[in-house]
Amino acid sequence: MVRFLAAESGADFSAQDYMGNTASHYLASYKIVNKKALNFLLSFTEAAKSWATVENEAGYTTADLYELGQLVSEVRELEA
Numbered sequence: 023m024v025r026f027l028a029a030e031s032g033a034d035f036s037a038q039d040y041m042g043n044t045a046s047h048y049l050a051s052y053k054i055v056n057k058k059a060l061n062f063l064l065s066f067t068e069a070a071k072s073w074a075t076v077e078n079e080a081g082y083t084t085a086d087l088y089e090l091g092q093l094v095s096e097v098r099e100l101e102a
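In this text, residue positions in the sequence shown follow my numbering: the first is 23, and each later residue adds one.
Here you go:
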């Protein structure tokens, strides 16, 4: 149902805000990534295409932010 509503809304999941971030940039940059929500968003073609290509104002793609977050998590685990 949610997928249907999202698809029918005509929302542009690759749209960027004033800082160049897309919805997937925000999902990928949280301290604890909601992988289910991120995967749902990436199931839409335009969001998936922007994963490694659309940069925000700081020059980061969604993939960059996700990978950086994973590295930080690994370092925190090692330090614990």
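A virtual CB, placed ideally from N, CA and C, is assigned to each residue, including glycine.
When C-alpha distances from residue 32 are compared across 56, 46, 68, the shortest belongs to 68. Note that the C-beta distance between residue 63 and residue 45 is below 7 Å.
Between residue 51 and residue 93 the beta-carbon gap is near 13 Å, outside 8 Å, which marks them as no contact. Cα atoms of residue 76 and residue 102: separation of roughly 34 Å, rounded to the nearest angstrom.
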